[in-house]
Amino acid sequence: MEISKDHPRYRSLVTRERMSELVREGVVAPTGLIAHGRGEAFDYLLGERTVPAANHAARAAAAYLLEAESPVITVNGNAAGLCAEGLISLARAVPARLEVNLFHRSPERVERVCRYLENAGASDLLGREQDAWLEGIASDRARCAVDGIRAADVVLIPLEDGDRAAALAAAGKVVLAIDLNPLSRTAVAAKVAVVDELTRAVPNIERHLIELRDLPDERRRLIAEFSNEQNLERMRNAMCETLHQKG
Ligand code: PTJ
C-alpha cells in the first residue's frame with residue numbers, strides 16, 4: 113500500500129504495513145498485530161514520547177545490565193520485527209547474549225526469527241536449541257536455552273507475556289521489561305519495567321549504558337534507589353495527565 117509521507121500518522125502506518133508483511137513471512141505471529149495495536153494505544157497516552165519516569169527506568173535497566181554476570185536479552189517475533197538492529201546493537205554494547213524465545217512456538221517460526229535476526233547482523237544467537245525448562249509454566253512456553261535464559265542472572269524481556277515474566281522472577285532472575293502497558297503482569301513482575309515504545313526504549317537504554325560504563329558508584333546507587341512500584345505509579349500518572357489535557 114502506498115502511504116503518503118504527509119499523512120500525520122505516517123510512521124505508525126508504515127510500521128503497521130511492515131508488521132503485516134512480517135506476518136506473511138512468518139516472523140511475526142498473527143496475534144502479534146493485536147499486541148502491537150495494544151501497544152500503540154498505550155503509546156498514544158504517553159504522547160508517543162519518552163516521559164521522564166520511563167527515562168529513569170531505562171537508566172536503571174542499563175545499570176542492571178552492566179552489573180550483570182550473565183545477561184540475556186530475549187527476542188520474540190514482534191521485537192525482531194520492530195527493532196532487530198537496535199536489539200543487536202544493545203546486546204553488543206552490554207555485552208549480552210540474544211535468545212529467541214517465542215510465545216507462539218514452532219520450530220519453523222524459531223528458525224524464521226533466528227534467520228531474520230542473522231540477516232540483520234546477529235551472530236552467536238541462542239534459541240534454536242532450548243533444552244531447559246522454566247518452572248511454573250506447564251507448556252512448551254517454559255522452554256529456554258541452558259546457556260541463555262536458564263543460566264542468566266539478568267534478563268531483559270521486550271514485550272513478554274505475564275506468565276513467563278513471573279516465572280523468570282520466581283526463578284530468581286532480575287527481570288527488566290520493556291512494555292507500554294504499566295498495568296500488565298509483566299510490568300508488575302519486573303524489577304524494572306521500562307514503559308516506553310520499544311524502538312525508543314532500546315537505543316535509550318544503550319545511551320545510558322554508555323554513560324554509566326565508567327560510573328560503578330552511580331550504577332549501584334541507581335539500583336539501590338529504584339522502585340518499580342513507584343515508577344509504575346509515575347507512568348500511570350503520566351498517562352492520566354495526557355487524558356486530562358486532551359479532555
Ligand atoms: O512472537 P511471539 O510468538 O513470541 O509472540 C509475541 C507476542 C507479543 C504476540 C506475545 O508475547 C504476546 O501475546 O504478548 P502480550 O501478552 O500481548 O504482551 C505484549 C505487551 O507488549 C503488551 O502489554 C503491549 O502493550 C506491549 N507492547 C506492544 N507493542 C509494544 C509494546 N511495548 C513496547 N513497545 C511496543 N512497540
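Counting in our numbering, the sequence shown runs from 113 upward without gaps. For each residue, glycine too, the CB sits at the ideal point set by N, CA and C.
Within its own chain, the residues whose Cβ lies closer than 7 Å to the Cβ of His148, once the five positions on either side in sequence are excluded, are Met131 and Asn190, listed in chain order.
Taking a C-beta distance under 8 Å as the contact criterion, Gly233 and Glu179 do not qualify as a contact pair. Per DSSP, Thr143 lies in no alpha helix (DSSP H) segment and is marked neither H nor E. Between the alpha carbons of Leu158 and Ala350 lies a gap of roughly 7 Å.
About 5 Å separates the beta carbon of Val287 from that of Ala302, a gap short enough to meet the 8 Å contact definition.
In the displayed model, Leu237 falls within coil according to three-state DSSP, outside both helix and strand. In this structure, Gly239 and Val206 do not form a Cβ contact; the two beta carbons are roughly 17 Å apart against a cut-off of 8 Å.
Nearest Cα to Ile200 within the set Thr311, Pro120 and Asp265: Thr311. Rounded to whole angstroms, Arg171 and Val267 show a C-alpha spacing of 15 Å. Between Glu272 and Ala289, the C-beta gap is smaller than 8 Å, which places the two residues in contact.
In its chain, beyond the 5 residues on either side, Glu129 have a beta carbon closer than 7 Å to the beta carbon of Met113. Contact between Ile317 and Ala173 holds: their C-beta atoms lie close to 5 Å from each other, under 8 Å.
Counting of Cβ neighbours within 10 angstroms places Asp308 among the buried residues, the total reaching 16 or more.
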